[in-house]
Amino acid sequence: MSRPNAELCCADSEGTAESKLFVWSSSNGGTSWMKYTKGTKSTVFGVKSAMVFKMCIQLRNVDYSGGDVANTQGESADFCCERLPSDARLQALDVDSLQPRHVLVEAD
Numbered sequence: 325m326s327r328p329n330a331e332l333c334c335a336d337s338e339g340t341a342e343s344k345l346f347v348w349s350s351s352n353g354g355t356s357w358m359k360y361t362k363g364t365k366s367t368v369f370g371v372k373s374a375m376v377f378k379m380c381i382q383l384r385n386v387d388y389s390g391g392d393v394a395n396t397q398g399e400s401a402d403f404c405c406e407r408l409p410s411d412a413r414l415q416a417l418d419v420d421s422l423q424p425r426h427v428l429v430e431a432d
C-alpha cells in the first residue's frame, strides 16, 4: 500500500485480517508491506517495522444479539480472546453466562 510514512500503516494492518505486522519503506514514495508472519530478521537502514496487536476488550453484562458466526466451549471469558480467530468479520465476542460457551459475533 502506498503510504508516505509508517504511522499510517497501523490502521491498514489493523483493518487487514491476516496482517499481524507490517514493514514500511520509502520505496515508491513510501510503501507499507502487510505481513501475516515474521520472516528472517535483517537490518535495513530507513525501514520501520511494527507488530500489530488486535485487542479483545471484555464488557460485563453486555449481549449482542444476531450475527453469530461460530461458538466454542470454555469455562470463562478470559480464554475467549485467545480463541478469537483472525477474521475481519469478527467484531465482538458474546459470552453466554448460563453455559460455558462463547459465541463469535459478526458485525452488521
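So the number in the working numbering is just where the residue sits in the sequence shown, counting from 1, plus 324.
Virtual Cβ for every residue (Gly too), placed ideally from N, Cα, C.
*If you follow the beta strand (DSSP E) that Ala-335 is part of, which residue opens it and which one closes it?*
For this step, residue 335 is matched to residue 11 along the sequence shown. Run containing Ala-335: none in the beta strand (DSSP E); it sits in the alpha helix (DSSP H), 333-338.
*Would Met-325 pass as a contact of Leu-345 if the rule is Cβ separation under 7 Å?*
As a position in the sequence shown, residue 325 is number 1, starting the count at 1. As a position in the sequence shown, residue 345 is number 21, starting the count at 1. Cβ atoms of Met-325 and Leu-345: not closer than 7 Å.
_Considering only their Cβ atoms, is the gap separating Lys-372 from Ala-330 smaller than 7 Å?_
The residue you call residue 330 lines up with position 6 of the sequence shown. The residue you call residue 372 lines up with position 48 of the sequence shown. Cβ distance < 7 Å, so Ala-330 and Lys-372 count as in contact.
_Taking CB distances under 7 Å as the criterion, tell me whether Ser-356 reaches chain D._
The chain inventory of the structure shown lacks chain D, comprising one protein chain alone.
*May I ask you to report which of helix, strand or coil DSSP gives Ala-330?*
Numbered from its first residue, the sequence shown carries residue 330 at position 6. Correct three-state label for Ala-330: helix.
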